[in-house]
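To start, the structure under review is shown below, and the notes come after it.
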Amino acid sequence: VSARAAKGLGEIRTEQAMQALIGGLKVIHPKARRAVVKALGNFKEEEAFRALRPLAEKDASYFVEAEAVYAIARTKAEGAFPLVVGALEKDSFNDVIRCKALEGFGELDDDKALSILYECSRYGKLELVRAQALRILGKMGKSRPDNLEILEKISDAFQAPEGPRSFRAKLAAIQALETLNRAEGLPILRRVAETELDGRLVRNARLAMRKIERGKDKGEAIQKLEKRLEEFAEESKKLKDRLDKLEQTKGA
């Protein structure tokens, strides 16, 4: 199975397509095998989970193994969460397995992952892992608007010392705040834009602020429109009541 064919089979999502992909897991070339694994993640089936599990536990290629962990999370199978947690213990080139495992938490969207993400986002953790954890917190926080702890953990990234070890995490935190799209994130981004020395962080913070403010303006405009429609409906009801009374008076 070629990478292009695997992608097509993943988009079809039929039983026959899934069986063809499972058969394609034996392909030797790691790039093609990775494409097959990625496509299998589109199937929310226990059989897809079982086929992916051996590759998520061990593969000759770190990239195939990492993709298998993420694909298993996408299947949302019952045993996916503990397998993804276990993948965090594995060392790999550029921490690709840990990063894909964290991305998998974003797909599973399980509250149990939050404490793990908080821990991985702390200063002192591996740089790429920390940045990925912050991005996934932004993704998960979007569906949890009342969870203020997520916002707090993301903002903690800006308390780290200046320097290259903190740059990725701070940039990821800006991206996370942009994804959250909450008005509460604006003061944090404003402080970053005013105090950070790295021009890249300042620029990205300003861009994130603009995006959130545009969304806020749209939200306020929609609220005003909804309020006006409610007022119009009330006025229409009152007018109808007066007309009904007039009709009754004429009839009398």
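548 is the number of the first residue of the sequence shown in the working numbering; add one for each residue after it. Note that CB positions come from ideal geometry on N, CA and C, so glycine has one too. Quick caveat, the model's predicted, so the values are computed rather than measured.
Determine whether the beta carbon atoms of Ala720 and Ile759 lie at a separation below 9 Å.
no
Under the assumption that Glu739 contacts Leu748 (Cβ atoms under 8 Å), give the Cβ distance between them as a whole number of angstroms.
Checking the displayed sequence, the identity of residue 739 turns out to be Val instead of Glu. At roughly 6 Å, the Cβ-Cβ gap stays under 8 Å, so Val739 and Leu748 are in contact.
Report yes if the C-beta distance between Gly651 and Ala607 is below 9 Å; otherwise report no.
no
I want to know whether the segment 655-662 touches the segment 640-647 - three or more CB-CB distances under 8 Å.
no
Which ranges does the alpha helix (DSSP H) cover as unbroken runs of at least 4 residues, wholly within the segment 549-595, from first to last along the chain?
550-559, 562-571 and 577-587
Among Gly653, Val548, Phe779 and Glu778, nearest to Ala723 - alpha-carbon criterion
Gly653
DSSP-derived helix/strand/coil call for Asn751:
helix
Count the other CB atoms within 10 Å of the CB of Glu743; is the residue buried (16 or more) or exposed (fewer)?
buried
Are the Cβ atoms of Ala678 and Glu725 separated by less than 9 Å?
no
Nearest-angstrom Cα separation, counted from Ser783 out to Arg669:
57 Å
Going by the CB atoms, is the gap between Arg580 and Gly588 shorter than 9 Å?
no
For Ala550, the nearest candidate out of Leu568, Asp656, Ala627 and Arg775 (CA to CA)
Leu568
Going by DSSP, what residue range makes up the alpha helix (DSSP H) through Lys605?
Note, Lys605: premise wrong, no alpha helix (DSSP H); not H, not E.
What residues in its chain sit with their C-beta under 8 Å from that of Ala692, if we drop five residues either side in the sequence?
Here the sequence assigns Pro to residue 692, which means Ala is not the residue at that position. Taken in chain order, the residues that qualify are Arg729.
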